[in-house]
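J.:
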Amino acid sequence: YDIIVEHYQNYTVLSNKPIQEGIETNDKNMTKTHLHSLVKPIYLLFLANRNNFSLMRGTNESIRVNMWCRMHCEFAHQFAENITSCLFDKWKRLNQTCEINHIALPDF
Numbered sequence: 002y003d004i005i006v007e008h009y010q011n012y013t014v015l016s017n018k019p020i021q022e023g024i025e026t027n028d029k030n031m032t033k034t035h036l037h038s039l040v041k042p043i044y045l046l047f048l049a050n051r052n053n054f055s056l057m058r059g060t061n062e063s064i065r066v067n068m069w070c071r072m073h074c075e076f077a078h079q080f081a082e083n084i085t086s087c088l089f090d091k092w093k094r095l096n097q098t099c100e101i102n103h104i105a106l107p108d109f
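Set out below in structure tokens:
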């Protein structure tokens, strides 16, 4: 299955499936982002406006926890890092995951 999302360049596509390389840009200043899956997709797709959301990178080297949120959400980012660390300690199989991304939506 192929999914193609066409969006403005100041938006980012976030998904629970990997995004393929080779993002295209057309003459209308629109970008096409490609997602591919071998099975019928059940996707979480989210378009984040880069003007409103920023990527806060994780501080822990062994568990990379990223969060898409507004800049004033540093407390939420630290909370997500702490919870993720506890989950990794409790369920060892999560250690196979190298990166976790959270999205904080304001007023939701």
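Heads up: take any position in the sequence shown, counting from 1, add 1, and you land on our numbering.
Just so it is clear, CB atoms sit at the ideal spot from N, CA and C, and this is done for glycine as well.
Going by other Cβ atoms of all chains shown within 10 Å of its Cβ, with 16 needed for buried, is L36 buried or exposed?
T.: Position 35 of the sequence shown holds residue 36. Result: buried.
J.: Use the C-beta contact count for E7: other C-beta atoms within 10 angstroms, 16 or more gives buried, fewer gives exposed.
T.: Within the sequence shown, the letter at position 6 stands for residue 7. With fewer than 16 Cβ atoms within 10 Å of its Cβ, E7 is classed as exposed.
J.: Start and end of the alpha helix (DSSP H) containing D28?
T.: If you number the sequence shown from 1, residue 28 lands on position 27. Run containing D28: none; DSSP gives neither H nor E here.
J.: For H73, name the three-state secondary structure that DSSP assigns.
T.: Position 72 of the sequence shown, counted from the first residue, corresponds to residue 73. Three-state DSSP puts H73 in coil, outside helix and strand.
J.: Consult DSSP for N102 and reduce its assignment to one of helix, strand or coil.
T.: Residue numbering aside, residue 102 sits at position 101 when the sequence shown is read from its first letter. N102 falls in the strand class under three-state DSSP.
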